[in-house]
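Be aware that the sequence shown starts at 1, since it is given in full-length UniProt numbering, and climbs by one per residue. Beta carbons: idealized from backbone N, C-alpha and C, even for Gly.
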Amino acid sequence: MTGSDLPPEVSRLPASQARGASVETFSRGTALILDPDASERDRLRQTLQLEGFRVLLAADGETALSLFERERPDIVLLNVDPARAADFETVRRIKQCAGSGFTPLIVLSDSDERAVIRRATDAGGDDFVSKPVSAGRLKARILVSERVRDLHRAHADRQKVLAAHLQRDREDQELAEHLLSHAVRSRNVAMDRLGLVQRPAAIFNGDLMLSQFLPDGGLRVLLGDFTGHGLAAAVGVLPVADVFHTMTRKGVTDSQLLGEINRKLYQLLPADRFMAACLVSLPGNGEAVRWWNGGMPSAWLRTRSGLTELTSHALPLGILPELPAQEIPRRVHLCGGDRILMMSDGLLEASGRDGVMFINAAFDSVLHSWQDDAPILPGLIAALDRHCQGAEQLDDIAALEIPLDPNFMVPEPGPETVCPTTGWSWSLDLEGARLCNQPTLESALKPLGFLDGLEVQQGVLETILAELFTNALDHGVLKLDSIMKVTPEGFDAYYRERSSRLALEASGMVSIRIGYEPGPDGGGSVRMCVRDSGSGFDSTDVQTLYQDPACPWGRGLMLLRQLCESLVFRRNGSEAEVLYRW
């Protein structure tokens with residue numbers, strides 16, 4: 001490019017200065033000078049060119065703004081006349097055009113009054129120099145402005161690098177969270193029947209919800225809340241989920257499951273980390289709900305008679321190496337249409353813009369307006385959103401509603417299978433300490449291959465076996481009287497007495513015989529016979545149960561009558577045999 005090729009507003013060095021100086025000429029970048037006085041523009045131009053700047057000249061504000069937008073200079077010198085408001089507006093517009101990038105604006109003026117300096121600074125000027133200004137003083141002010149600009153640019157560059165690292169880290173975390181959540185949620189069951197809301201405060205969620213069917217056709221649900229939130233709170237999610245699903249499918253007791261999760265977390269987590277948890281188990285017969293609350297906010301059971309608070313009565317999991325023996329699950333009698341609400345403390349402690357927590361504002365009114373046999377979760381979350389009004393969320397939020405409908409705990413149908421074409425039979429005798437562990441078809445027959453082809457019927461068959469075994473153990477071997485279940489207090493006392501008698505290793509025996517016969521058109525039948533060593537009972541009394549569905553005991557026998565083609569008692573009631581056909 002020759003000198004004649006330069007745009008008219010870009011000044012050129014004199015020939016004497018240009019020889020051999022082409023490299024240095026533009027080493028300090030581009031400067032824009034705005035001054036209506038041509039002689040002053042020329043004097044400033046010469047000073048800046050000698051300092052190695054490429055210079056752009058403008059006589060008015062519009063030209064200066066156009067040059068700034070097109071050329072993006074590295075420094076700007078503007079003359080302002082205190083009597084001309086348009087000059088200060090030009091300063092403001094150029095600063096606005098610079099955006100987040102820092103371009104030093106040095107304001108020149110014939111006045112050095114404080115009011116003028118203040119107006120120039122408020123408009124966006126970064127430095128102020130009163131005229132006349134010597135070349136030495138101007139060079140010094142330019143040097144200082146360049147240092148500030150270079151510091152700003154270096155900081156901006158570091159911010160870009162940091163932002164890129166943060167974006168990559170966030171993408172990695174989002175991928176890890178997606179995989180973690182999928183690994184946890186993919187094994188949960190009955191999610192179409194549960195009401196669940198989860199809102200993490202960070203990418204990773206420290207609140208955990210797990211659900212799995214029990215071998216008897218019932219359902220077990222756990223809502224957990226790890227210390228804190230984010231990645232540090234989510235590290236224990238997978239180990240807990242693995243233990244929960246594996247042991248629930250095997251049919252272990254609530255206490256055994258909680259003990260194993262506690263040991264796992266105690267070994268895994270540091271001393272200042274633990275998991276508060278609320279566990280709910282709904283047996284297949286729908287007679288009662290077993291619950292355990294370790295450090296979680298109270299869960300609530302809504303029945304026809306009102307609200308029952310399921311308060312925390314145990315330590316969170318992972319604090320002690322073993323759970324205290326007295327912190328055992330509790331039981332509550334159920335009726336049709338009951339519902340349970342569980343939540344983490346993040347919901348209750350969510351604050352609005354006024355700093356008031358949800359529990360101290362609208363929670364109680366929503367809870368006590370909860371109608372029998374009606375969902376509460378939609379209204380609860382709507383009230384929470386109205387309370388928070390977009391305020392920053394400081395903790396993970398989780399709320400879970402479980403409708404205890406009789407049809408709720410029926411497992412989802414599995415894929416169609418072909419029933420076995422040959423029959424089989426199997427028997428088992430249990431006595432002494434072995435009576436404490438309820439047998440399941442999953443653990444007893446699946447390893448033998450007897451359940452192959454019967455997967456669709458397994459849930460119902462597990463329910464039938466569980467009811468027959470429980471009836472034989474409770475009333476035959478342990479000699480418990482169902483009349484204790486007449487009151488809620490007696491209902492709880494019944495199961496405390498049951499646990500006490502089992503701990504004494506009661507003498508007695510339960511014998512189980514199961515046989516399968518194939519049927520026509522892909523059907524079949526299973527006959528189960530369970531006999532105990534007890535003295536039996538008057539089986540004619542059972543007939544009265546079928547006429548009184550509200551009776552607080554005998555629901556298991558009524559369920560067997562509904563599921564099976566036949567139910568027969570022999571040996572004075574100490575032997576029960578059912579035939580299930582499909």
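- Per DSSP, the continuous beta strand (DSSP E) segment holding residue 518 begins and ends at 509 to 518.
- Bounds of the alpha helix (DSSP H) holding residue 237 are 237 to 250.
- Using a 10 angstroms sphere on the CB of residue 201, the tally of other CB atoms reaches 16 or more, which defines it as buried.
- Every alpha helix (DSSP H) of 4 residues or more that sits fully in the segment 114 to 182 is shown, in chain order, as 114 to 123.
- In chain order, 339 place their CB closer than 6 Å to the CB of residue 403, counting only its own chain and leaving out the 5 sequence neighbours on each side.
- Comparing C-alpha distances from residue 334 to each of 347, 352 and 289 shows the shortest one belongs to 289.
- By DSSP's assignment, residue 276 forms a beta bridge with 225.
- Excluding the 5 residues flanking it on each side, residue 311 has same chain C-beta neighbours closer than 6 Å at 298, in chain order.
- In the three-state reduction of the DSSP assignment, residue 361 falls in the coil class.
- Within the DSSP bridge table, the entry for residue 212 names 220 as partners.
- Taking 7 Å as the cut-off, the beta carbon of residue 135 is found no closer than this to the beta carbon of residue 30.
- For residue 530, the enclosing beta strand (DSSP E) stretches over residues 524 to 532.
- The C-alpha of residue 560 lies about 53 Å from the C-alpha of residue 391.
- Residue 215 sits buried, since 16 or more C-beta atoms from the chains shown fall within 10 Å of its C-beta.
- Taking C-alpha positions only, residue 148 is separated from residue 162 by approximately 21 Å.
- Collapsing the DSSP output to three states places residue 198 in a strand.
- If you draw a straight line from the Cα of residue 509 to the Cα of residue 274, it comes to about 41 Å.
- Taking C-alpha positions only, residue 38 is separated from residue 56 by approximately 13 Å.
- The criterion of a C-beta distance shorter than 7 Å is not satisfied by residue 206 and residue 345.
- In the structure shown, residue 306 adopts extended strand secondary structure according to DSSP, grouped into three states.
- A Cβ-Cβ separation of about 5 Å places residue 472 in contact with residue 530 under the 8 Å criterion.
- A check of alpha carbon separations from residue 184 across 240, 228 and 190 identifies 240 as the nearest.
- Excluding the 5 residues flanking it on each side, residue 421 has same chain C-beta neighbours closer than 6 Å at 518, in chain order.
- The segment 448 to 462 makes no contact with the segment 491 to 499; the number of CB pairs closer than 8 Å stays below 3.
- Of the other Cβ atoms in all chains shown, 16 or more fall within 10 Å of the Cβ of residue 116; this residue is therefore buried.
- Note on geometry: alpha-carbon atoms of residue 556 and residue 467 lie some 6 Å from one another.
- When the alpha-carbon of residue 305 is set against those of 433, 129, 368 and 244, the nearest one is in 368.
- At a Cβ-Cβ threshold of 7 Å, residue 262 and residue 323 count as neighbours.
- The continuous stretches of alpha helix (DSSP H) do not include residue 569, which lies in the beta strand (DSSP E) extending over residues 566 to 570.
- The distance from the Cβ of residue 145 to that of residue 106 is about 6 Å, consistent with a contact at the 8 Å cut-off.
- In the three-state reduction of the DSSP assignment, residue 498 falls in the helix class.
- By the Cβ neighbour-count rule, residue 507 is exposed, with fewer than 16 other Cβ atoms within 10 Å of its own.
- Rounded to whole angstroms, residue 227 and residue 236 show a C-alpha spacing of 10 Å.
- Judged by their CB atoms, residue 222 and residue 277 are nearer to each other than the 7 Å cut-off.
- Under the DSSP assignment, residue 107 falls outside any alpha helix (DSSP H), being part of the beta strand (DSSP E) whose first and last residues are 105 to 109.
- Excluding the 5 residues flanking it on each side, residue 97 has same chain C-beta neighbours closer than 8 Å at 65, 68 and 69, in chain order.
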